[in-house]
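Visitor: Here you go, one structure.
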Amino acid sequence: MSIAGPARPFHELVTLVDAILDECDDDLPCIAKKLGALEPEVRSELFVSDLLNAYQVFYYFFRTVPDVLVQEQLDLEPASALRTGLKIDEVDLLEMYFIIQKGKPRIIIHDGDKAVATFSGNRAYTDAKGYLENPEYQ
Numbered sequence: 018m019s020i021a022g023p024a025r026p027f028h029e030l031v032t033l034v035d036a037i038l039d040e041c042d043d044d045l046p047c048i049a050k051k052l053g054a055l056e057p058e059v060r061s062e063l064f065v066s067d068l069l070n071a072y073q074v075f076y077y078f079f080r081t082v083p084d085v086l087v088q089e090q091l092d093l094e095p096a097s098a099l100r101t102g103l104k105i106d107e108v109d110l111l112e113m114y115f116i117i118q119k120g121k122p123r124i125i126i127h128d129g130d131k132a133v134a135t136f137s138g139n140r141a142y143t144d145a146k147g148y149l150e151n152p153e154y155q
């Protein structure tokens with residue numbers, strides 16, 4: 018088994034993302050389509066890089082537009098923040114985090130001490146939002 022390095026040199030990733038953003042501008046469905054056409058290894062690398070913002074990655078996975086405040090926060094953060102998790106919402110004592118683990122999106126609900134719920138898949142954000150509104154353990 019060999020240890021894999023980056024799928025492409027950084028300057029090639031920059032050129033690739035620049036071409037996508039030049040063609041798509043701020044059109045998220047276009048960006049998502051172009052990202053979907055990339056090799057999985059390259060796409061996974063971009064999902065936790067400084068070349069995309071967290072909102073572009075969020076939209077790619079969930080194909081939904083979040084609340085305005087969540088959208089603004091995601092838009093201001095680089096996708097690299099998703100490696101460790103980005104707090105995107107909170108209700109009462111519960112916090113919602115968006116994280117990329119092994120190339121997969123997760124939405125984690127945290128109570129300040131521990132994760133109380135984890136959601137994955139293309140409905141993760143919608144399901145987590147519902148959980149925040151009606152937490153099972155309260």
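Heads up: the sequence shown begins at 18 in my numbering, then just goes up one per residue. We put the beta carbon where it would ideally sit given N, CA and C, even for glycine.
(1) What are the boundary residues of the beta strand (DSSP E) that includes threonine 135?
(2) Taking the beta strand (DSSP E) that phenylalanine 115 falls in, what are its first and last residues?
(3) In its own chain, which residues sit with a C-beta less than 6 Å from the C-beta of glutamine 73, not counting the 5 before and 5 after it?
(4) Taking asparagine 139 as the reference, give the member of Lys121, Glu58 and Ile105 with the closest Cα.
(5) Are three or more beta carbon pairs between the region 83 to 94 and the region 116 to 134 nearer than 8 Å?
(6) Would you say the beta carbon of alanine 141 comes nearer than 7 Å to a heavy atom of the ligand MG?
(7) According to DSSP, is aspartate 39 helix, strand or coil?
(8) Could you give the distance in angstroms between the alpha-carbon of alanine 36 and the alpha-carbon of glutamine 90?
(9) If I follow the unbroken beta strand (DSSP E) through arginine 123, where does it start and stop?
(10) What number of angstroms, rounded off, separates the C-alpha of cysteine 41 from the C-alpha of threonine 135?
(11) Would you identify the three-state DSSP class for glutamate 107, choosing helix, strand or coil?
(12) Looking only at its own chain, which residues have a Cβ that is under 7 Å from the Cβ of arginine 60, when we skip the five neighbours before and after it?
(13) Flag this pair as yes or no: are the beta carbons of phenylalanine 64 and tyrosine 142 separated by less than 8 Å?
Guide: In short:
(1) Segment 132 to 137, the beta strand (DSSP E) holding threonine 135.
(2) Boundaries of the beta strand (DSSP E) harbouring phenylalanine 115: 111 to 118, taken from the DSSP string.
(3) Ile48
(4) Lys121
(5) Too few Cβ pairs lie closer than 8 Å, so no.
(6) Although the ligand MG was asked about, the structure shown includes no ligands whatsoever.
(7) helix
(8) Cα to Cα, the separation comes out at about 25 Å.
(9) 121 to 127
(10) Cα to Cα, cysteine 41 sits roughly 32 Å from threonine 135.
(11) Correct three-state label for glutamate 107: strand.
(12) Leu52
(13) Against a cut-off of 8 Å, the Cβ pair of tyrosine 142 and phenylalanine 64 comes out as no contact.
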